[in-house]
Amino acid sequence: MTDAADGARWRAWVLTLFPEMFPGPLRHSLAGTALEKGLWALETVDIRAFAGDKHRTVDDAPFGGGAGMVMRPDVVDAALRFARGRCGGAGPLIYLSPRGRLLTQERVKALAGEREVILLCGRFEGVDQRVLDAHEVEELSVGDYVLSGGEPAAVALIDACVRLLPGVVGRRESLDEESFEEGLLEYPHYTRPNLWQGRAVPEVLVSGNHAAIRAWRRKQAEDITRERRADLWARYVAAAGRDKEQKQRVD
Ligand code: SAH
């Protein structure tokens, strides 16, 4: 741990059987620069180091039969206790899991506001249920598909949190207009050249009329959300209705 990282505002503890996978992609670009500057810190805990036997066994066959192996509760428990003891705080304990609640930008924001988070990465068929129950672990999923391990999911979660930390993204406004910020997907972007392979950029964007640009972008964001994500659209419409009602009551 570097001196700079010692004072980091945000720290991720990653419990994994593959500590060498970290920082991995998080070493680069935005997250990597911020890591170097000590704006956040990363601690990996090698779960295998907590195996009790000389073969360092971390998994066993599932009770009830079936394919695959299950991570042992005693080994995972020892790793979790170690991490909890080291970080001392009451930061959330998260198990990356396809059965978890879907990770949303809202949850990401809340997690970025914590001082530390502990992330448990599963492998094989997953982790013995009893250790998840005993530690009251929160389960989070990065999508409705199955990864071979929790590590890529942990990288996604950390990346999403780190870019929200103060000082990581240069211009705060670039965060304010993003997808999900107002419950909408983002409008499309264009840059030079103005004409590319016969395709011109939408005229309004080069009009210099900022009110018209704002209105165009809002309309695009609404259209894209309505077309692509009925779930987000329904929530957006309901929230807009509530706002209107509230405003009417105030007036
Ligand atoms: N047998 C499990 C899948 C295990 S995949 C099932 O059917 O639900 C192995 C590990 O990968 C899991 O323990 C979990 O930590 C991780 N993982 C897989 N898919 C994930 C997802 N969508 N989100 C978060 N973690 C995931």
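Counting from 5, one number per residue, gives the positions in the sequence shown under the numbering used here. All C-beta atoms, glycine included, are put in the ideal place defined by N, C-alpha and C. All values derive from a computational prediction rather than experimental measurement.
Three-state secondary structure (DSSP) of residue i
i, result
"Y149", "coil"
"P102", "strand"
"M25", "helix"
"A55", "coil"
"A65", "coil"
"E181", "coil"
"R31", "helix"
Proximity test, residue i beta-carbon vs the ligand SAH heavy atom, cut-off 7 Å
i, result
"L100", "yes"
"G126", "yes"
"E142", "no"
"G11", "no"
"L151", "yes"
"A65", "no"
"V146", "yes"
"G69", "no"
"R103", "yes"
Which listed residue (the options) has its alpha carbon closest to that of residue i
i, options, result
"E110", "Y149, E182, R90 and G72", "E182"
"R13", "A38, E185 and C125", "A38"
"D263", "F128, S101, V121 and E142", "Past the edges of the chain, shown from 5 to 255, lies residue 263, and the structure says nothing about it."
"A157", "G56, L136 and Y99", "Y99"
C-beta contact flag for residue i and residue j at 8 Å
i, j, result
"P23", "T48", "yes"
"G130", "V74", "yes"
"R88", "E143", "no"
"R134", "P77", "yes"
"L168", "L43", "no"
"F54", "A83", "yes"
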